[in-house]
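Structure record follows, encoded as structure tokens.
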Amino acid sequence: MLLQQTRVAQAVPYYERLLRRYPSLRSLAGARTDELLKLWEGAGYYHRAWNLHATAQELVGRQGGRFPRTPAALEQLPGVGPYIARAIASLAFGVPVVALEANGLRVAARLTGERGDVRTAKVRQRLLRFLEHELPREAPGAFNEALMELGETVCTSHAPQCRVCPLGYRCAAFQTLADPGRLPTRRRRPPKPHHVAAIVALERGGRWLMQRRVEPGLLRGLWEFPGGRPEAGESLLAAARRELREETGVRAGTLRPVGTVHHAYSHFSVELHVYRGTVRRASPLPANARWLGPEDIRRHPLPRATVKALRLLGIGESLGRSKARPTR
Ligand code: SF4
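Per the working numbering, the very first residue in the sequence shown carries number 131; after that it's consecutive.
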């Protein structure tokens, strides 16, 4: 699950940290989600942490702590799609199936000289059939691993190293194209949406008002400052006040802009305008909001953009590097 959308080198430290903290399925199943998300902080795609937790609970609770062995049964687990199911089945249990991900698709497209768009189901099926034909039934795990590794290290996306590739002798792209890296054919992706929002850092007695995201989605369970996007015709400052009031019931006194934070997520980018202020009128907070001191904040799982905002405010020095820009 960690390897979904993440390179091995980036995933390894998280894998080791998770394994140290949760050395068994049972300990993972019993994990507090706040703590699990904190260990996951920075790896992104936080739904994977939720799925990992739910899968451990499912395996411990209903399947006697044992992994199912077939791709079809594995796919019933939360967050386990065809790729993960086939990877586990072949690598862990020797089931003869191809685990097809982006690296494998690219290698197969080049080996066969595929000109179609590999994101269409028809082309993927064609490439899958080709690889299934090649799959050695006695070593499916090694085959899948080799396919991924070749794509990761030799047959890379933009600069395939055909001269040192062990498959060059039978590769259609290498044999027929001046630049084998032109395959697979890619349609131009539409630009990622860019969102502008205002967030409010309210301080009271050395504590900061933060809230836990409860709605399902990208950052569920993580802690952030209240805020949101302006409505049509609304200024950022007005949006900051309104969002604060709507989300927490608290009314701000003076709000002062302290800078802007930029962050790119997988499918969109954000530009957060950070306002710092004081409380004009407090009210009982909703269940997902709290006043947190700097030490409490460090213990909670935080989105990257919030880490940057904290550093901008001078209260997150040990929380990671920042590209935030102060307001002059
Ligand atoms: S010969 Fe080149 S294009 Fe073909 S599989 Fe090897 S690295 Fe990829």
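We put the CB at the ideal spot given by N, CA and C, even for glycine.
| Query | Result |
| --- | --- |
| N-terminal and C-terminal residue of the beta strand (DSSP E) that V404 is part of | 399 to 411 |
| Contact shell at 6 Å, judged by CB to any heavy atom of the ligand SF4, ordered along the chain | V237, R240, L241, V284, C285, P290, Q291, C292, C295, L297, G298, C301, A303, F304, P310 |
| V227 versus R441 - alpha carbon distance | 47 Å |
| Beta carbon proximity, L155 to chain B, threshold 8 Å | The structure shown contains no chain B; it is built from a single protein chain. |
| Coil, strand or helix - R386 by DSSP | strand |
| For A341, the three-state DSSP class (helix, strand or coil) | Here residue 341 is Gln; the residue named in the question, Ala, does not match the sequence. Residue state, collapsed to three classes: strand. |
| Near the ligand HEM: P387 beta-carbon under 7 Å from a heavy atom | Looking for the ligand HEM in the displayed structure turns up nothing; the ligands present are the ligand SF4. |
| Same chain only: Cβ atoms within 6 Å of K453, ignoring 5 sequence neighbours per side | Because K453 sits at a pLDDT of 43, beneath the cut-off of 50, its placement in the model cannot be relied upon, and the point is left open. |
| R458, DSSP secondary structure in three states | Confidence is the limiting factor: at R458 the pLDDT is only 43, short of 50, which leaves the residue's position unreliable, though a coordinate-based value still follows. Three-state result, R458: coil. |
| Beta-carbon proximity of H403 to A435, cut-off 8 Å | no |
| Extent of the continuous beta strand (DSSP E) to which V253 belongs | Not the beta strand (DSSP E): V253 falls in the alpha helix (DSSP H), residues 251 to 264. |
| Sequence-distant residues of its chain with Cβ nearer than 6 Å to A173 (five each side left out) | Y144 |
| Segment contact, 8 Å Cβ cut-off, at least three pairs: the stretch 258 to 278 with the stretch 310 to 319 | no |
| Beta-carbon gap between G347 and P431 smaller than 8 Å | no |
| Presumed contact (8 Å Cβ cut-off) between A159 and T242, rounded CB distance | Wrong, their Cβ atoms sit about 43 Å apart, outside the cutoff. |
| Contact the stretch 323 to 331 vs the stretch 413 to 425: 3+ CB pairs below 8 Å | no |
| Start and end residues, beta strand (DSSP E) containing I329 | 324 to 334 |
| Complete runs of the alpha helix (DSSP H) confined to the stretch 150 to 225 [at least 4 residues] | 155 to 159, 163 to 170, 177 to 192, 201 to 204, 212 to 223 |
| Test item: CB-CB of L349 and Y176 under 8 Å | yes |
| P208 versus E282, W180, T200, residue with shortest Cα-Cα distance | W180 |
| For H288: DSSP bridge partner residues | According to DSSP, which records beta bridges pairwise, H288 is partnered with nothing at all. |
| Straight-line gap, L461 to L385 (C-alpha atoms, nearest Å) | As shown, the chain starts at 131 and ends at 458. That puts residue 461 outside it, with no answer to give. |
| Sequence-distant residues of its chain with Cβ nearer than 8 Å to E282 (five each side left out) | R137, V138, N233 |
| Cβ-based burial, H183 [other Cβ within 10 Å; buried from 16] | buried |
| For Q228, the three-state DSSP class (helix, strand or coil) | Looking at the sequence itself, residue 228 is Val, so the reference to Gln does not match. Note: V228 maps to coil in three-state DSSP. |
| C-beta atoms of W353 and R342 nearer than 8 Å | yes |
| Pairwise C-alpha distance: K438 and G191 | 39 Å |
| T185 burial status per 10 Å Cβ neighbour count (16 or more: buried) | buried |
| Close-in-space but distant-in-sequence residues of the same chain around T306 (CB under 8 Å, 5 per side omitted) | G243 |
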